[in-house]
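The next block holds one structure in the form of structure tokens; read it before the comments.
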Amino acid sequence: MKYDIDELDRQIIKLLSNDGRMSFTEIANKLNVTEKTVRTRYKNLIDHGILEVVGVVNPIALGIRAGAIIQLKVEPQKLSDVIDRLKEMKEVRYITLTSGCYQLLIQIAVPSQDEITDVVKTLNNIQGIIEMNTIIQLEVYKNTFDYI
Numbered sequence: 001m002k003y004d005i006d007e008l009d010r011q012i013i014k015l016l017s018n019d020g021r022m023s024f025t026e027i028a029n030k031l032n033v034t035e036k037t038v039r040t041r042y043k044n045l046i047d048h049g050i051l052e053v054v055g056v057v058n059p060i061a062l063g064i065r066a067g068a069i070i071q072l073k074v075e076p077q078k079l080s081d082v083i084d085r086l087k088e089m090k091e092v093r094y095i096t097l098t099s100g101c102y103q104l105l106i107q108i109a110v111p112s113q114d115e116i117t118d119v120v121k122t123l124n125n126i127q128g129i130i131e132m133n134t135i136i137q138l139e140v141y142k143n144t145f146d147y148i
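Each residue of the sequence shown is one higher than the last, beginning at 1 in the UniProt record's numbering.
Now the structure itself:
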């Protein structure tokens with residue numbers, strides 16, 4: 001069943017995007033509604049797969065200090081196999097199908113530049129990848145989960 005979000009749902013999502021630990025009471029007070037209303041809306045958002053509350057980790061605190069965006073040109077008949085292999089790699093944190101010369105774009109996060117080299121070497125050994133363009137991330141100026 002489709003669930004259409006309204007302005008109140010959007011406001012709840014926005015508040016939780018900024019502070020996922022905000023209590024239902026605090027949300028209700030900020031939005032001038034009852035706590036029961038917030039609790040019901042929250043449950044609907046979760047149940048319909050619109051909202052997922054997770055802890056966001058600071059990668060630098062975990063020693064993850066280097067990253068790259070890598071464009072991959074893949075043999076069309078091996079696309080699914082390549083995607084499956086990429087999903088198995090812990091260094092790969094994002095995979096998307098794209099238009100243009102490169103069918104896939106991935107983002108990797110690793111402790112150092114040396115590990116970027118190791119990942120590139122691993123990618124070179126995956127059958128079906130025929131070309132890659134590696135873009136090293138020097139500094140990140142914005143990384144947000146605020147979609148509303």
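Backbone N, C-alpha and C fix where the C-beta goes; we use that ideal spot for every residue, glycine too.
Residue i - containing alpha helix (DSSP H), residue span
i	result
N133	Where N133 is concerned, there is no enclosing alpha helix (DSSP H), although the beta strand (DSSP E) it sits in stretches over 129 to 137.
K30	24 to 31
Q113	113 to 124
K87	79 to 88
Residue range of the beta strand (DSSP E) that includes residue i
i	result
V92	92 to 97
V140	Careful: V140 lies outside any beta strand (DSSP E) and carries neither H nor E.
Q107	104 to 110
Whole-number beta carbon distance between residue j and residue i, since they are thought to touch under 8 Å
i	j	result
M132	Q71	7 Å
K73	I130	5 Å
F145	S17	6 Å
P59	A28	Between A28 and P59 the Cβ distance is about 34 Å, and since that is not below 8 Å, they are no contact.
L79	Q103	6 Å
Secondary structure of residue i, DSSP reduced to three states
i	result
I148	coil
Decide if the region 84 to 100 is in contact with the region 136 to 146; the criterion is three or more beta carbon pairs, one per stretch, under 8 Å apart.
no
Every unbroken alpha helix (DSSP H) within the region 6 to 73, with a cutoff of 4 residues, ordered by chain:
Qualifying alpha helix (DSSP H) stretches, in chain order: 7 to 18, 24 to 31, 35 to 47.
Between the region 35 to 47 and the region 80 to 87, do at least 3 Cβ pairs fall closer than 8 Å?
no
Taking 8 Å as the threshold, find out whether the region 95 to 103 comes into contact with the region 59 to 66 through three or more Cβ pairs.
no
If we count Cβ pairs, one from each stretch, closer than 8 Å, do we get three or more for the region 11 to 25 versus the region 45 to 57?
Touching, yes, given that three or more Cβ pairs across the two stretches are closer than 8 Å.
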